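Residues 0 to 372 (numbering that gives the first Met the number 0) are what the sequence shown spells out, left to right.
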Amino acid sequence: MIRGERTKKCINELIESKKEPYLDVILTKGSERLFRYYKSGEFEATGKERLYLYSCTKVFTAVCALQLIGEGKLKLSDEVSKYLPEYKNTFLLDGEGNKKPTKNKMTVHDLFTMSGGLSYDMIVTPHIRDIVERSGGKAGTVELANAFAGLPLKFEPSTRYEYSVCLDVLAAVVEVVSGRRFSEYMEERIFAPLGITDLGFHKYRGITQMYSYRGDSYCECEPHVKLFLGENYDSGGAGLVGGVDGMSRFACALAQGGVGENGKRIIGEETLALIREPQYKLLTPDNAITRVLGDDYAYGLGVRVRLKDSAWGLPAGEYGWTGAAGSDIMVDPVNKISVVIGRHLHAGPTETNGKFAEIQKALYEDLREEGLL
């Protein structure tokens with residue numbers, strides 16, 4: 000373990016300045032966990048807090064789909080309709096509200112890269128809510144993913160990036176290809192091999208209090224639940240809940256090219272490397288929904304991807320993603336480093352999100368000072 004004095008000071012200042020109610024940070028290098036520090040100004044943190052991971056789920060989903068690609072069971076070029084038949088008839092609306100078929104067929108690549116023409120607004124439409132209500136909340140992942148295709152797309156597939164339910168639809172594709180419910184597939188192919196016992200879907204018992212900013216301070220709030228469509232819908236974009244320990248075990252495996260702390264491999268190194276290939280030069284993450292600041296990032300296969308080295312040592316090729324409540328996964332495959340941040344502050348201000356880069360920088364400086372970088 001490293002002392003991590005700079006990092007502890009950075010975390011303490013965030014808590015004590017009332018910018019954060021709770022933070023938990025874990026760093027691994029190689030197969031070793033070299034730093035762990037958690038603190039809360041609102042409750043007695045134990046390191047076993049249960050969190051809504053929200054969009055950190057997307058990194059897990061991308062890896063699940065890449066596993067199938069590595070096994071030759073799925074291709075990036077496959078049309079989504081090969082697995083979800085309703086996508087044969089995707090359409091746009093013209094200026095008069097008339098349906099017109101899309102020119103481009105939505106592909107698996109479009110799902111990975113948020114370029115399918117889908118949106119998050121689809122989840123709250125009467126069309127989707129009616130299906131949920133008629134099923135008594137029992138509609139499944141594939142049924143609802145197919146239902147999204149009954150709504151007009153926002154743009155032609157493959158033409159631009161827009162944050163959306165694309166990774167939810169990708170989870171449905173994984174379910175069809177594997178023949179397993181998505182949550183079961185993730186348990187069998189990621190959680191069990193890596194010894195992860197604190198993550199899962201629909202496991203809301205004992206969730207840690209959520210907070211939200213009101214003006215220049217935070218207060219308790221209810222979780223943002225519009226993305227949760229029922230007990231049988233495994234949201235590949237936002238559905239995971241659980242602990243920072245499991246996040247770290249997963250991130251550590253990614254940093255080591257697919258091999259966990261326990262030596263178990265979950266994906267081939269060459270296949271995993273696809274996740275961090277920038278897909279479009281102008282395809283940049285939306286800074287309003289990630290902790291990324293500036294134009295140093297593009298979008299890969301379901302993750303942000305760093306395009307150039309930082310001045311303090313974060314290399315090109317670093318990748319990861321952030322959840323709506325601030326939890327974050329960062330993978331540095333060059334130095335085999337992973338950093339995960341546990342946070343439960345819904346839609347915190349951009350100035351606070353920017354502090355995460357300071358935490359990372361402090362960690363790298365601590366590693367360098369102790370001769371480990």
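Where is the CB? At the ideal position from N, CA and C, for every residue including glycine.
This structure is a prediction, so every number in the text was calculated from the model and none was measured.
Query raised in the report: Counting Cβ pairs, one atom from each stretch, are 3 or more of them under 8 Å apart for the region 46–60 and the region 323–330?
Result: yes
Report task. Would you mind listing the alpha helix (DSSP H) stretches within the region 324–371 that are 4+ residues and don't spill past its ends, in chain order? Result -> 349–352 and 354–368
Query raised in the report: Out of 250, 179 and 81, which has the shortest C-alpha to C-alpha gap to residue 340?
Result: 250
Query raised in the report: Can you tell which of 195, 138 and 74 has the C-alpha that lies nearest to the C-alpha of residue 108?
Result: 74
Query raised in the report: When burial is assigned at 16 or more other CB atoms within 10 Å of the CB, is residue 6 buried or exposed?
Result: buried
Report task. Would you kindly check if the distance between the Cβ of residue 173 and the Cβ of residue 184 is under 8 Å? Result -> yes
Requested in this report: Within 10 angstroms of the Cβ of residue 71, are there 16 or more other Cβ atoms? Answer buried if so, exposed if not.
Outcome: exposed
Query raised in the report: residue 152 and residue 117 look like a contact to me (Cβ under 8 Å); what is the Cβ gap, rounded to whole Å?
Result: 7 Å
Query - For residue 23: DSSP bridge partner residues - result: 37 and 341
Query raised in the report: Hey, how far is the Cα of residue 217 from the Cα of residue 227?
Result: 24 Å
Report task. Look up residue 297 in the DSSP assignment and give the residues it is bridged to. Result -> 304
Query - Contiguous alpha helix (DSSP H) assignments of at least 4 residues, all confined to the region 57–115 - result: 107–111
Query raised in the report: Thinking C-alpha only, which one of 176, 28, 295 and 14 is nearest residue 248?
Result: 28
Report task. Tell me where the beta strand (DSSP E) around residue 219 begins and ends. Result -> 216–220
Requested in this report: Output yes or no for whether 8 Å exceeds the beta carbon distance between residue 82 and residue 175.
Outcome: yes
Requested in this report: Can you grab the Cα-Cα spacing for the pair residue 324 / residue 271, in whole Å?
Outcome: 26 Å
Query - Three-state class that DSSP yields for residue 121 in the structure shown - result: helix
Query - Buried/exposed call for residue 101, threshold 16 Cβ in 10 Å - result: buried
Query raised in the report: Excluding sequence positions up to five away, which residues of its chain have a Cβ less than 8 Å from the Cβ of residue 17?
Result: 40, 216 and 217
Requested in this report: Could you spell out where the beta strand (DSSP E) holding residue 321 opens and where it closes?
Outcome: 318–321
Report task. Please go through the same chain and pick out, in chain order, the residues whose beta-carbon is closer than 7 Å to the beta-carbon of residue 194, but skip the five residues on each side of it. Result -> 248 and 261
Query raised in the report: By Cβ distance, which residues of its chain are closer than 7 Å to residue 47, with the 5 residues on each side in sequence left out?
Result: 242
Report task. Answer yes or no: do residue 33 and residue 1 have a C-beta to C-beta separation smaller than 8 Å? Result -> yes
Query raised in the report: Which same chain residues, not among the five before or five after residue 13, have their C-beta less than 7 Å away from its C-beta?
Result: 19, 22 and 354
Requested in this report: State yes or no: is the beta carbon of residue 128 nearer than 8 Å to at least one beta carbon in chain C?
Outcome: Here there is only one protein chain, and chain C is not present.
**Report entry** Buried versus exposed call for residue 144 [16 or more other C-beta atoms within 10 Å across all chains shown]
**Finding:** buried
Query raised in the report: The alpha helix (DSSP H) with residue 177 in it runs from where to where?
Result: 165–177
Query raised in the report: Who are the near neighbours of residue 182 in its chain, counting only those whose CB is closer than 6 Å to its CB and skipping five residues on each side?
Result: 200 and 233
**Report entry** Same chain, Cβ closer than 6 Å to residue 244, neighbours up to 5 away in sequence not counted
**Finding:** 197
**Report entry** Segments assigned beta strand (DSSP E), at least 3 residues, entirely inside the region 239–267
**Finding:** 239–241
Query raised in the report: What do you get for residue 298, buried or exposed, if any count of 16 or more other CB atoms within 10 angstroms of its CB means buried?
Result: buried
Report task. Can you have a look at residue 168 and say buried or exposed, based on whether 16 or more other CB atoms are within 10 angstroms of its CB? Result -> buried
Query raised in the report: Got a sec, what are the start and stop residues for the alpha helix (DSSP H) residue 213 sits in?
Result: Not the alpha helix (DSSP H): residue 213 falls in the beta strand (DSSP E), residues 209–213.
Requested in this report: Run the CB neighbour count on residue 76, radius 10 Å, all protein chains shown included, and call it buried at 16 or more, exposed below.
Outcome: exposed
Report task. Keeping to the same chain, check which residues put their C-beta closer than 8 Å to that of residue 267; ignore five residues upstream and five downstream. Result -> 69 and 257
Query - Same chain, Cβ closer than 6 Å to residue 26, five either side skipped, listed in chain order - result: 33, 34, 338 and 362
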